[in-house]
Every structure is written in C-alpha cells, then in structure tokens.
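Residue numbers (this note's numbering): 39 to 360.
We treat Cβ as the ideally placed atom computed from N, Cα and C, and that holds for glycine.
No experiment lies behind these values; they were computed from the predicted model shown.
Below you'll find the structure, written out as structure tokens, and then a few comments.
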C-alpha cells in the first residue's frame with residue numbers, strides 16, 4: 039500500500055527460467071508472485087522468505103528478495119527524483135540479524151526504510167494501542183502481541199512458527215495419507231484451505247475434485263481440512279493465556295474483551311468462536327476479525343508512515359537511510 043493509492047498483494051516467490059526456452063517464453067529473466075507459480079513448469083521457484091524473515095541460505099535467495107522488494111516498490115509507480123520511504127513488517131520476535139539483513143536490501147532500493155513488528159502495525163492501524171491482544175496469522179508465522187499503551191517489547195510479543203504454510207503442508211500430507219493415489223501439492227492444499235478452511239464443528243461436508251492418475255474425481259476431505267487447520271489452535275490459546283497474565287490485574291478484563299484476529303489465517307471459519315470459548319474462564323472474552331485481514335498490517339504501516347515524521351521512525355523500529 040502507498041500514499042498514492044497503490045494496493046496490491048504479491049506472493050513472496052520469484053521465478054527464474056530453467057533454460058533458454060523459458061527465457062523465450064517469458065521474454066525476461068525473472069517473474070514475481072502468482073505469475074511465477076502459474077508458470078512453474080518452466081521456471082525455478084525461489085521463496086526468499088522462511089518463517090517470516092529472509093533466508094540466509096545463498097546469494098540467490100538474497101537476489102530473489104531484492105527482486106521481490108523492487109517489484110513491490112514499482113507497483114506504487116515512483117517517479118524520477120521521488121524520495122521513497124517504506125515500512126516493512128517482520129515477525130514480532132525477529133532477531134537483530136534478521137532485521138539488519140532486510141535493512142541492507144531495502145537500503146539499496148529506498149531512501150529511508152524501517153522494519154517493525156507486524157502485529158504492532160495492525161494495532162496502530164486499528165488504534166488499539168492499549169489493553170488489547172493482536173493475533174496476526176500469516177503464512178510463515180503467527181505473531182501475538184499485548185498492547186499496553188507503549189511500543190511493545192520482547193516480553194509482550196510472541197512468534198509461533200506453525201502458521202499458514204504449516205497448515206498447507208499438513209493438509210497435503212493428510213490427503214495423501216487418506217488417498218495415496220491423489221496428486222496433491224502444498225500450493226493446491228493452500229487453495230483448498232483458503233476456500234474451505236475451518237475449525238470446530240463442520241457446517242457441511244467438504245468434497246473437492248482431486249486428480250488420481252490424471253483423472254479428476256470427487257474426494258471427501260472434511261476430516262483432513264479440520265485436522266490441518268486445528269494444528270495451530272492449541273499454541274495460540276496457550277500463548278494468549280501467557281500474555282493475559284502480563285497485563286496488570288485491573289486491565290486484564292478489558293484486554294480479553296479486545297482480542298483481534300488479523301492476517302490471512304484469521305479467515306478460518308469458526309476460529310473466533312473457538313478461541314473465545316476456550317478462553318472464557320478469563321472473563322467476558324470478545325474475539326473479532328479485522329475487516330480486511332490481508333491488508334490490515336499494510337494499512338497500519340501506511341497510517342504510521344503518513345502520521346509520523348520520518349525523523350521519529352527510529353523510536354518505533356529499526357531504520358536505515360537518510
């Protein structure tokens with residue numbers, strides 16, 4: 039999202055042609071996002087993010103991260119001479135090394151940049167800055183943050199490594215175990231999760247066409263979808279319980295009435311109700327989803343970027359540039 043109206047979601051993947059035929063088909067040397075996934079038969083895919091932060095595996099991963107960020111910046115159509123300032127979200131418990139690695143790349147591409155905790159960006163955008171708990175369920179991580187009227191510190195934030203990607207992988211394996219002849223990939227499992235994902239009691243049977251021996255046939259996968267989606271629930275509950283106790287006793291009642299679900303994973307049907315029921319011994323629990331789970335973090339970052347002069351960004355997160 040940018041202050042010029044750009045608003046795009048880009049898959050964090052970069053594709054490079056496998057050979058000269060791929061270069062001819064693409065008429066370029068790399069592609070980014072959904073287009074790369076669609077053309078994976080003739081490109082090598084690189085996912086530069088792992089567990090919500092940049093990989094440190096190879097120069098190719100760094101190059102892919104640079105091309106991904108450069109592509110995202112280009113979507114806001116900066117003009118020659120523009121000063122580009124950007125805020126990038128990272129997991130709540132991202133290490134100093136993770137942040138510095140990202141800042142080294144953004145410093146090449148922007149005039150000034152900051153990395154900041156993703157759940158804090160959600161809270162800022164919603165103006166939920168005190169006595170609230172943010173649960174941001176992304177692809178690589180789930181980040182949980184206790185907002186107490188200050189910039190949250192490490193003891194007020196938790197990062198869980200089992201998130202959307204974990205559900206996709208678990209679901210693909212569960213379907214393979216139930217139907218060994220079915221052809222299934224994590225990408226296909228993700229599409230199934232996005233359309234049918236739920237926790238708790240199923241509202242209806244889930245039947246999808248899956249290919250077996252190249253032929254599409256209907257398969258009932260309600261149990262598999264439920265098991266996969268519920269793998270993240272117990273960890274969320276356990277860590278929310280831990281954060282509740284960090285609030286002052288007189289503030290805990292208000293905190294449990296302000297539990298906010300954000301991120302793509304917040305769209306799982308029944309998740310808000312299941313969490314509220316599981317936490318009811320803590321008082322009058324209220325769990326709500328943000329209205330725009332995909333862009334709520336971006337919206338908070340953009341609000342922060344436009345409200346807060348750049349000179350003050352270093353009071354919120356780690357910065358680089360001039």
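For residue i, which residues in the same chain have their Cβ closer than 6 Å to its Cβ, ignoring the five residues on either side in sequence?
{"i": "residue 321", "result": "291 and 294"}
{"i": "residue 244", "result": "234, 259, 260 and 263"}
{"i": "residue 44", "result": "113 and 114"}
{"i": "residue 313", "result": "325"}
{"i": "residue 46", "result": "113"}
{"i": "residue 328", "result": "300 and 334"}
Where does residue i sit, in a helix, a strand or coil, going by DSSP?
{"i": "residue 283", "result": "coil"}
{"i": "residue 197", "result": "strand"}
{"i": "residue 250", "result": "strand"}
{"i": "residue 317", "result": "coil"}
{"i": "residue 327", "result": "strand"}
{"i": "residue 210", "result": "helix"}
{"i": "residue 205", "result": "helix"}
{"i": "residue 49", "result": "coil"}
{"i": "residue 176", "result": "coil"}
{"i": "residue 69", "result": "strand"}
{"i": "residue 243", "result": "coil"}
{"i": "residue 343", "result": "helix"}
{"i": "residue 274", "result": "helix"}
How about residue i and residue j: are their beta carbons less than 8 Å apart?
{"i": "residue 363", "j": "residue 181", "result": "The first residue shown for the chain is 39 and the last is 360, placing residue 363 beyond what the model contains."}
{"i": "residue 342", "j": "residue 162", "result": "yes"}
{"i": "residue 237", "j": "residue 306", "result": "yes"}
{"i": "residue 83", "j": "residue 196", "result": "no"}
{"i": "residue 75", "j": "residue 42", "result": "no"}
{"i": "residue 160", "j": "residue 175", "result": "no"}
{"i": "residue 209", "j": "residue 229", "result": "no"}
{"i": "residue 170", "j": "residue 277", "result": "no"}
Leaving out five residues on either side along the sequence, give the residues of the same chain with a beta carbon under 8 Å from the beta carbon of residue i.
{"i": "residue 92", "result": "86, 99, 100, 103, 136, 139, 140 and 143"}
{"i": "residue 149", "result": "121, 122, 123, 359 and 360"}
{"i": "residue 220", "result": "213, 214, 248, 249, 250 and 257"}
{"i": "residue 151", "result": "123, 124, 125, 126, 141, 144, 145, 357, 358 and 359"}
{"i": "residue 275", "result": "313, 316 and 317"}
{"i": "residue 167", "result": "161, 185 and 187"}
{"i": "residue 207", "result": "224 and 227"}
{"i": "residue 346", "result": "354"}
{"i": "residue 118", "result": "none"}
Which residues does DSSP pair with residue i in a beta bridge?
{"i": "residue 186", "result": "168"}
{"i": "residue 218", "result": "Its beta-bridge partners do not exist; DSSP assigns none."}
{"i": "residue 106", "result": "DSSP lists no partner for residue 106."}
{"i": "residue 236", "result": "307"}
{"i": "residue 55", "result": "81"}
{"i": "residue 126", "result": "153"}
So, under 8 Å CB-CB, residue i and residue j are touching, yes? Tell me the CB distance rounded to an integer number of Å.
{"i": "residue 68", "j": "residue 105", "result": "6 Å"}
{"i": "residue 331", "j": "residue 301", "result": "6 Å"}
{"i": "residue 273", "j": "residue 164", "result": "Not really, about 23 Å apart at Cβ, beyond 8 Å."}
{"i": "residue 299", "j": "residue 286", "result": "Not really, about 24 Å apart at Cβ, beyond 8 Å."}
{"i": "residue 205", "j": "residue 266", "result": "5 Å"}
Beta-carbon within less than 7 Å of residue i's beta-carbon, same chain only, minus the 5 sequence neighbours each way: which residues are those?
{"i": "residue 201", "result": "175, 176, 177, 178, 179, 180, 270 and 303"}
{"i": "residue 32", "result": "As shown, the chain starts at 39 and ends at 360. That puts residue 32 outside it, with no answer to give."}
{"i": "residue 348", "result": "123 and 150"}
{"i": "residue 81", "result": "53, 54, 55, 56, 60, 69 and 74"}
{"i": "residue 222", "result": "210, 213, 214 and 248"}
Is there at least one Cβ from chain D nearer than 8 Å to residue i's Cβ?
{"i": "residue 146", "result": "Protein chain content of the structure displayed is limited to a single chain, and chain D is not contained in it."}
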